[in-house]
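A.B. asks:
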Amino acid sequence: MRGGMIRPMGPGPHFGPKMKQFVPRLPFDMVLCESAFPRVKAAPDESAFTQALLKRNADLSPTPAEQAAVLNLVTKIQAVMDNLIVDPGNFDACQIEEVRQVGSYKKGTMMTGHNVADIVVILKTLPTKEAVEALGKKVCDDLRAQEPQEVLVLTMLPNDRGFEISNSEATVRVLVTTIHQNLRKLDPELHLDQKILQSHLAAIRHSRWFEENAHHSTIKVLIRLLRDLRGRFEGFEPLSPWMLDLLAHYAILNNPSRQALPINSAFRRCLQLLAAGLFLPGSAGISDPCEGGNIRVHTAMTLEQQDLVCLTAQTLLRVLSHGGYKQILGLEGNSSIASEMSVWDGVVVSALEKAYEKPPERPPQDDDTDNMDADDDPMETTDN
Amino acid sequence: MYWSGLSAAANAAAAYQTGQTGYPVGHTPTGTYTTQRAAGSTYDTGYQTAAAAAATHSTAAGTYPSAAASATYDYGYGRTTQTAAAAAAAAYDSSKTYYAQPSTATAYTGADTHYHNKTAYTNAGAYTTTSRQTTPVVTPKTSYTSTYPGAAAAAATATYNTSPYAVQTTTANKGWFGTTTALPVYMQQTSQPATAVAAVKTPGNTWQTFKKQGTVPNKTQKPKAPPKPQQLHYCDVCKISCAGPQTYREHLEGQKHKKKEAAAKAGPTPSRHGASLRCELCDVTCTGADAYAAHIRGAKHQKVVKLHQKLGKPIPSTDPVVVGGTTKTSTTTAGTAVGAKTTTSGTTAAPTGTLAATTTTTTSDGKKDDLKEDLLDLKEKDVEPVGQEYIEEIKNEEGKVISFNCKLCECRFNDPNAKEMHMKGRRHRLQYKKKVNPELVVEVKPSLRQRKLQEEKLRRQQLREEMWRRREEERLLEEEERWYWEERRRYEEECEYLDWCRRYPRGPPGPPPMMPPGMPRPPFMPGMPPMMPMRRPDSSDDRHVLAKHAEIYPKEEELGAIQKIVSNTEKALKMVSDYLAEVDAPKEQHIKPKAKKEKEEVPKDDDDKKDGDKKEDGPPRMLKGVMRVGILAKGLLLRGDASVQLVVLCGDKPTRTLLDRVADNLPKQLAVVAPEDKYDIQRVVEEAALVVQNIGEQRISVNVTLTSPIMREQLLHDGDSQVTAVKDPPDVLDKQKCLDALAALRHAKWFQARANGLQSCVMVIRILRDLCQRVPTWGPLNSWAMELMCEKVIASAGQHLSPGDALRRVFEALASGLLLPGSPGLLDPCEKDPIDAASPLSAQEREDITASAQHALRLIAFRQIHKVLGMDPIPPPKFQRGGRFTRKRRRDNSTGEGNDSEGGDGKKDKKEDEDSKMDMDKDTNSSKHLMVEGH
């Protein structure tokens with residue numbers, strides 16, 4: 001009764017050849033299934049928490065002076081680059097295709113004390129290290145020529161992503177990349193790393209996406225808070241800024257009503273989502289809106305990192321629910337709450353242990369079939 | 001001398017023909033070569049130009065056969081240069097003279113190859129730049145290159161000929177003229193023309209020189225040996241001199257020489273590949289300018305030059321022609337010796353090889369210098385040096401630049417000139433284009449090899465595509481097939497399920513299916529695939545959950561024993577009820593007032609009616625019905641569970657008296673129902689219950705709790721009627737216990753209504769029950785809260801979940817703080833007031849459970865679900881591959897309907913009817929497959 005009988009597909013569910021798509025599941029999300037969990041008692045008053053969040057945000061936002069300084073520098077550099085595009089003159093080390101502002105500067109999520117703006121320069125030519133350095137020098141020279149009084153404070157520092165130009169108050173990171181067609185032609189010996197170049201191109205997409213989708217100011221506030229969280233709790237280190245952007249956007253806007261959640265709920269929800277394993281293997285996570293092919297952003301982290309992030313969020317969530325928001329926001333105490341036992345109101349909150357274990361060396365497959373065993377698949381992680 | 005005639009009259013036809021006659025054989029082979037050449041390398045263009053020139057010259061071009069054309073070609077070249085010089089005729093003559101001699105000597109084939117190469121070089125640089133040669137020539141050139149394939153017949157032939165010619169020379173030369181002896185003569189001739197050209201001095205010269213160079217090889221190949229008049233015995237083939245005639249002869253007869261000779265005959269071939277440079281003097285082919293320059297500088301070459309010089313005039317005459325480079329070197333080093341020839345050669349050399357020439361910058365001859373510069377300029381105009389910044393200077397300790405390293409091409413050179421050359425060189429430019437600026441224009445020059453590679457690549461690609469297509473088709477087929485089976489399986493399962501449902505309407509604890517004593521739980525229906533064996537566990541999590549479930553699921557003996565005692569108890573209770581009704585009936589007034597003071601006739605509880613099907617309508621009874629509650633009703637029995645619950649609904653508030661009466665009568669009835677079994681009956685007044693225990697190896701206790709809906713009604717109406725409470729009989733049973741029993745009844749109903757139908761839910765609840773029993777942390781979580789939570793969490797997923805996913809989701813919910821303070825809580829749907837079903841949990845317990853769930857969640861995510869479940873990991877199934885259904889699996893599956901009686905008997909029995917109902921979540925399978933495959 002096997003084989004041979006190839007019946008044309010019946011009227012049943014008809015999945016095209018595409019049905020192999022892995023359909024991961026979103027983890028439990030209280031906000032999405034609120035209706036299933038009617039409140040037994042009224043929600044606790046969270047105004048103090050909200051105030052603390054807002055205060056923290058105010059503390060984290062850059063001062064007007066900082067903003068002015070960075071804006072000033074960015075504007076100048078942008079002008080110099082634009083000039084180079086229009087009239088390269090005798091500068092022939094590389095040709096610039098386009099210059100774009102990206103990152104926290106562009107998104108308006110900068111934090112005080114970190115006055116760094118990012119600019120992506122797309123080269124028409126291939127980004128050799130020499131070319132990048134030459135460009136850096138050229139820009140720097142032009143800047144100096146424009147503002148002779150700044151000659152001494154301006155510095156240019158090439159690195160493996162491009163170069164940084166800084167004056168006393170602000171830094172502009174110029175991230176170099178090249179047009180898509182060139183990406184294939186890269187030689188790791190000569191050029192900047194391809195992954196880096198791609199990440200810079202991605203940064204452009206990210207800022208564009210952000211502009212279109214995440215301009216809500218609650219999102220920006222939340223991003224700032226999350227970045228601060230990431231800075232203070234080691235366990236969140238693996239979360240990239242882009243993941244945080246997406247997480248904040250998701251936490252605030254992805255709810256049944258499609259209205260932005262208040263900041264306190266959104267902040268808690270972020271922790272809840274992470275704690276529920278949004279960024280664990282097997283979870284649908286958040287698929288990158290700027291990449292094709294449904295790439296889940298969290299797969300950029302290693303499994304170990306995914307575990308760590310989840311674990312940290314889980315501990316913090318429990319601390320938060322026992323009233324420890326001040327410690328979480330860094331208004332009091334330190335980050336030890338994430339890694340050590342703490343007592344809240346008589347309740348002992350203990351830290352969690354890692355769950356991830358390095359897989360043992362897999363014994364050779366004894367079946368002769370191709371060993372992409374469905375159940376043996378390594379937990380999905382892609383490095384992107 | 002026909003040459004002169006030709007050129008002057010431009011009547012190519014006749015002349016050509018003659019030429020043809022000379023070369024008839026060679027031409028055909030040429031044709032093939034040409035095509036290859038056609039690729040458009042600079043060389044080719046050069047050739048073509050030459051050809052074009054030839055064509056222009058000869059009006060009759062169309063007519064000539066390819067062979068003729070080749071001939072023309074050579075001449076054409078000569079002409080072009082000459083034309084450049086201005087007086088074509090004169091030039092021709094000169095060339096003629098020189099050629100004529102060659103014509104006699106077939107030898108010049110070998111030379112030709114070189115010739116070609118050289119010409120190519122010159123073309124690239126000098127030709128175009130000077131371009132001056134005959135204007136007509138230039139234009140045709142361009143057109144030729146582009147139109148090559150489709151060119152007009154005449155033109156095409158011309159070009160053809162030329163290129164083939166060259167090729168022939170290389171390969172076929174030997175064939176033709178190869179053996180012919182004329183070489184020496186030829187050489188002489190060449191030398192003569194060389195001088196002639198030198199006289200001309202215009203850029204045109206370069207061409208000629210080239211020719212000469214071309215010719216040079218010929219001589220090299222030709223064993224000049226005999227001619228040496230001097231005491232020197234020189235072997236031209238091997239480029240060695242022998243001490244005396246004796247040794248010379250020996251040498252000639254030696255293998256080495258013969259080999260060389262043979263090689264020399266075939267020789268042109270190797271030298272011919274496009275870009276190589278050849279030192280004719282030494283018969284050495286160099287792949288590039290650098291190598292060539294190095295060779296020229298090298299000791300070996302110097303030696304040969306010296307030797308030749310020593311040999312005297314006859315040889316020297318050949319030398320100059322050979323290689324620009326060589327000549328040059330000679331000029332630099334020992335210019336005088338070579339004499340006129342050398343000078344000429346020098347001039348020629350400069351253009352040819354910018355390469356060779358550049359290396360030795362200093363030339364004694366001013367004229368030469370000028371010329372060189374000219375040529376260089378020309379070249380430079382053409383090609384901007386690029387990528388200066390990628391050439392590293394390597395310095396020695398003193399900071400002196402000793403060499404250069406091009407990072408793009410990964411090559412080094414010591415000479416600044418070589419560096420310059422390199423920067424203009426094609427290879428470097430290609431690298432630059434590849435690595436720095438993709439827009440840099442580099443002339444294309446696909447070589448034969450490249451083309452072949454390309455073709456090869458294309459072919460392979462096609463093959464691959466073909467393969468993929470086929471594979472895709474196969475895959476589609478397989479998928480189709482698989483879907484068919486999948487569909488079919490589901491369909492069958494559904495049918496079975498429906499069928500089964502029809503026979504065993506899922507109802508709350510109806511009358512337990514009676515079974516013959518001694519025969520534990522009959523299989524529900526033969527052929528009904530028990531869900532567990534039937535399901536295909538798909539993900540690793542699923543498999544673990546299913547395995548664990550199978551492990552905790554009670555054994556059939558256990559189930560049978562429980563079933564037996566429960567049904568016996570139920571039957572006995574019914575009989576007790578009958579008995580009490582009977583007893584009470586006559587003295588109704590008597591007892592009733594006693595039992596239920598006011599409410600004589602309690603309206604029959606609807607629930608009772610519905611649920612307790614057993615009860616027949618009759619006189620109002622004290623005991624209205626018996627219901628299963630708790631794990632028994634919910635089907636949550638686990639292995640080792642030895643205590644189940646029944647609730648007896650009473651018509652009125654149950655009293656101690658009633659309890660006593662029931663307890664007194666029950667043993668008798670039990671004895672009637674199950675005469676062969678012995679039961680022990682205890683009253684637990686404080687629990688408002690009596691406990692029936694069987695006596696045997698398996699102690700199972702059935703708690704029978706007495707309660708009455710009135711207890712709750714009263715509670716609900718508490719607001720208005722406190723009075724009723726007062727009127728309770730004095731010995732009424734514990735109120736809270738009775739209420740709990742009522743709640744348990746409601747829970748059982750809720751469960752059957754909500755959880756039973758939910759996919760995977762019951763299974764997950766069983767697993768969690770096991771967890772709560774196993775892990776102390778989870779102990780405090782009461783089962784009702786747990787059930788409620790599972791149901792809510794799984795139902796809220798909004799999709800079918802496989803058991804593994806469902807379990808994970810529950811842990812996710814807990815991990816995200818479902819139980820933590822601040823969460824909405826678990827609203828108890830079975831209570832009138834909003835009550836958190838988990839309210840008994842203390843804050844610390846909630847915290848601990850959450851922390852545990854959080855860890856468990858991560859364990860599950862990282863493939864350690866077995867740790868959560870407290871079991872050994874299950875290795876992946878053997879014959880599952882690629883997430884596809886293999887034949888094996890399919891077969892197992894498809895035969896399922898046929899052989900489940902054999903295959904499934906063991907597990908089938910395990911099933912309890914309720915369970916199977918609950919767990920019919922077959923269609924998860926399909927969705928699960930999706931996931932598995934995606935991984």
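First to last, the sequence lines map onto chains U and S.
Okay, so the first sequence: first residue is 1 according to the UniProt record's numbering, each after it adds one.
Okay, so the second sequence: first residue is 1 according to the UniProt record's numbering, each after it adds one.
Ideal Cβ placement from N, Cα and C applies to all residues, glycine included.
Between residue 395(U) and chain S, is the shortest Cβ-Cβ distance under 7 Å, so that the two count as touching?
C.D. replies: Here chain U covers residues 1 to 384 and nothing more, so residue 395(U) does not appear.
A.B. asks: Which residues, in order along the region 850–866 of chain S, keep a beta-carbon less than 7 Å from a beta-carbon of chain U?
C.D. replies: Hits within the stretch, in order: Thr850, Ala851, Gln854, His855, Leu857, Arg858, Leu859, Ala861, Phe862, Arg863 and Gln864.
A.B. asks: Find the nearest neighbour of Cys409(S) within the set Ala663(S), Gly387(S), Glu397(S) and Ser403(S), judged by alpha-carbon distance.
C.D. replies: For the purposes of this step, residue 409(S) is identified with residue 409 of the second sequence, where counting begins at 1. For Cys409(S), the nearest C-alpha among the options comes from Gly387(S).
A.B. asks: Strictly by DSSP, which residues pair up with Gly399(S)?
C.D. replies: Along the second sequence, one-based indexing puts residue 399(S) at 399. Answer by DSSP bridge pairing: none, since Gly399(S) is not bridged.
A.B. asks: Let's see if you can read the secondary structure: which residues bound the alpha helix (DSSP H) around Trp750(S)?
C.D. replies: By one-based count along the second sequence, residue 750(S) stands at place 750. From DSSP, the alpha helix (DSSP H) with Trp750(S) extends over Lys735 to Trp750.
A.B. asks: Span of the beta strand (DSSP E) holding Glu97(U)?
C.D. replies: As a working mapping, residue 97(U) is identified with position 97 in the first sequence. Ile96 to Val102 is the span of the beta strand (DSSP E), which, as asked, contains Glu97(U).
A.B. asks: What in chain U is Cβ-close to Asp836(S), meaning under 8 Å?
C.D. replies: On the second sequence, residue 836(S) is found 836 positions in, with the first residue counted as 1. Near Asp836(S) (Cβ distances below 8 Å), the residues of chain U are Val40 and Lys41.
A.B. asks: So which residues of chain S does Thr125(U) contact, with C-beta pairs closer than 8 Å?
C.D. replies: Walking along the first sequence from the start, residue 125(U) turns up at place 125. Going along chain S in sequence order, the residues near Thr125(U) (Cβ under 8 Å) are Val436, Asn437, Pro438 and Glu439.
A.B. asks: Could you tell me which chain S residues have their CB closer than 9 Å to the CB of Pro281(U), listed as they occur along the chain?
C.D. replies: Residue numbering aside, residue 281(U) sits at position 281 when the first sequence is read from its first letter. Simply Ala861, Phe862 and Arg863.
A.B. asks: Let's see if you can read the secondary structure: which residues bound the beta strand (DSSP E) around His233(S)?
C.D. replies: In the second sequence, residue 233(S) corresponds to position 233, counting from 1. Run containing His233(S): His233 to Cys235, per the beta strand (DSSP E) assignment.
A.B. asks: Please classify Leu818(S): is it buried, with 16 or more other beta-carbons within 10 angstroms of its beta-carbon, or exposed?
C.D. replies: The residue given as residue 818(S) occupies position 818 in the second sequence. When all chains shown are included, Leu818(S) counts as buried.
A.B. asks: Here's the rule I'm using: 16 or more other beta-carbon atoms within 10 Å means buried, otherwise exposed. How should residue 386(U) be labelled?
C.D. replies: No answer is possible for residue 386(U): the residues shown for chain U start at 1 and end at 384.
A.B. asks: Would you call the region 564–580 of chain S and the region 692–710 of chain S in contact, with 3 or more CB pairs under 8 Å?
C.D. replies: The region 564–580 of chain S vs the region 692–710 of chain S: in contact.
A.B. asks: Is the Cβ of Lys792(S) closer than 7 Å to any Cβ of chain U?
C.D. replies: As a first step, residue 792(S) is located in the second sequence; it is residue number 792 there, counting from the start. Closer than 7 Å to some Cβ of chain U, the Cβ of Lys792(S) qualifies, so yes.
A.B. asks: Is His298(U) helix, strand or coil by DSSP?
C.D. replies: Locating residue 298(U) in the first sequence gives position 298, where the first residue counts as 1. Three-state DSSP puts His298(U) in a helix.
A.B. asks: Please decide whether Leu841(S) counts as near chain U, where near means a Cβ-Cβ distance under 7 Å.
C.D. replies: Numbered from its first residue, the second sequence carries residue 841(S) at position 841. Not an interface residue.
A.B. asks: Beta-carbon within less than 7 Å of Leu632(S)'s beta-carbon, same chain only, minus the 5 sequence neighbours each way: which residues are those?
C.D. replies: Against the second sequence, residue 632(S) aligns to sequence position 632. Only Val566, Val644 and Gln645 meet the Cβ criterion.
A.B. asks: Just how far apart, CA to CA, sit Ala753(S) and Ile794(S)?
C.D. replies: Looking up residue 753(S) in the second sequence gives position 753. Looking up residue 794(S) in the second sequence gives position 794. About 15 Å.
A.B. asks: Along the beta strand (DSSP E) that carries Phe163(U), what are the first and last residues, could you check?
C.D. replies: What you label residue 163(U) is simply residue 163 of the first sequence in a count that begins at 1. Per DSSP, Phe163(U) belongs to the beta strand (DSSP E) from Gly162 to Ser166.
A.B. asks: So Arg746(S) contacts chain U; which residues on that side make the cut at Cβ distance below 9 Å?
C.D. replies: Numbered from 1 along the second sequence, position 746 holds the residue referred to as residue 746(S). Residues of chain U passing the Cβ test: none, with the nearest at roughly 18 Å.
A.B. asks: With a cut-off of 8 Å, do at least 3 Cβ pairs link the region 123–131 of chain U to the region 431–440 of chain S?
C.D. replies: Taking 8 Å as the limit for Cβ pairs, the verdict is that the region 431–440 of chain S does touch the region 123–131 of chain U.
A.B. asks: How about Phe751(S) and Lys832(S): do their beta carbons lie closer than 7 Å?
C.D. replies: As a first step, residue 751(S) must be located in the second sequence, where it is residue number 751. As a first step, residue 832(S) must be located in the second sequence, where it is residue number 832. Cβ atoms of Phe751(S) and Lys832(S): not closer than 7 Å.
A.B. asks: Does any residue of chain S have a CB that is nearer than 7 Å to the CB of Thr128(U)?
C.D. replies: Taking the first residue of the first sequence as 1, we reach residue 128(U) at position 128. Taking Cβ atoms only, chain S reaches closer than 7 Å to Thr128(U), which makes this a yes.
A.B. asks: Roughly how many angstroms separate the alpha carbons of His855(S) and Val764(S), rounded to a whole number?
C.D. replies: Within the second sequence, the letter at position 855 stands for residue 855(S). Within the second sequence, the letter at position 764 stands for residue 764(S). So the two alpha carbons sit approximately 18 Å from each other.
A.B. asks: How long is the line joining the alpha carbons of Gln302(S) and Ile296(S), rounded to whole angstroms?
C.D. replies: Within the second sequence, the letter at position 302 stands for residue 302(S). Within the second sequence, the letter at position 296 stands for residue 296(S). Approximately 7 Å, taken between the alpha carbons.
A.B. asks: For Glu787(S) and Ala755(S), which I take to be in contact (beta-carbon distance under 8 Å), what is that distance rounded to the nearest angstrom?
C.D. replies: Along the second sequence, one-based indexing puts residue 787(S) at 787. Along the second sequence, one-based indexing puts residue 755(S) at 755. That belief holds up - the Cβ atoms of Glu787(S) and Ala755(S) are roughly 6 Å apart, short of 8 Å.
A.B. asks: Does Asn182(U) get closer than 7 Å to chain S when you measure Cβ to Cβ?
C.D. replies: Counted from its first residue, the first sequence places residue 182(U) at position 182. Yes, Asn182(U) counts as interfacial toward chain S.
A.B. asks: One question on the structure: do Glu164(U) and Leu154(U) come within less than 7 Å of each other, judged by their Cβ atoms?
C.D. replies: Within the first sequence, the letter at position 164 stands for residue 164(U). Within the first sequence, the letter at position 154 stands for residue 154(U). No, these two residues do not count as a Cβ contact at 7 Å.
A.B. asks: Using 7 Å as the limit for Cβ to Cβ distance, is Ala633(S) near chain U?
C.D. replies: Here residue 633(S) corresponds to residue number 633 of the second sequence, with the count starting at 1. It does not; no Cβ of chain U falls within 7 Å.
A.B. asks: Short of 6 Å in beta carbon distance, which residues of its chain neighbour Asp127(U), apart from the five on each side in sequence? Order them along the chain.
C.D. replies: Stepping through the first sequence from its first residue, residue 127(U) is reached at position 127. Strictly speaking, residue 127(U) in this sequence is Pro, with Asp absent from that position. For Pro127(U), where only same-chain residues beyond five positions count, the Cβ hits under 6 Å are Val176, Thr178, His191 and Leu192.
A.B. asks: Evaluate Gln461(S) with the Cβ neighbour count: other Cβ atoms within 10 Å of its Cβ, from every protein chain shown; 16 or more gives buried, anything less gives exposed.
C.D. replies: By one-based count along the second sequence, residue 461(S) stands at place 461. Exposed.
A.B. asks: Check the Cβ of Gln844(S) against every Cβ in chain U and list those closer than 9 Å, keeping chain order.
C.D. replies: Here residue 844(S) is taken as the residue at index 844 of the second sequence, counted from 1. Going along chain U in sequence order, the residues near Gln844(S) (Cβ under 9 Å) are Gly346, Val347 and Val348.
A.B. asks: My assumption, with CB atoms under 8 Å, is that Lys653(S) sits in contact with Met711(S). Please give the rounded CB distance.
C.D. replies: In the second sequence, residue 653(S) corresponds to position 653, counting from 1. In the second sequence, residue 711(S) corresponds to position 711, counting from 1. Going by Cβ atoms, the distance from Lys653(S) to Met711(S) rounds to 6 Å, so yes, they are a contact pair.
A.B. asks: May I ask you to list the residues that DSSP assigns as paired with Phe404(S)?
C.D. replies: Indexing the second sequence from 1 puts residue 404(S) at position 404. Its beta-bridge partners are Glu393(S) and Phe413(S).
A.B. asks: Could you tell me which of Lys792(S), His251(S), His233(S) and Leu771(S) sits nearest to Lys310(S), measuring between CA atoms?
C.D. replies: As a working mapping, residue 310(S) is identified with position 310 in the second sequence. The shortest Cα separation from Lys310(S) among Lys792(S), His251(S), His233(S) and Leu771(S) belongs to His233(S).
A.B. asks: As a quick exercise: from Arg774(S), Gln454(S) and Val810(S), pick the residue whose alpha carbon is nearest that of Arg639(S).
C.D. replies: Indexing the second sequence from 1 puts residue 639(S) at position 639. Selected option, being the one with the closest Cα: Arg774(S).
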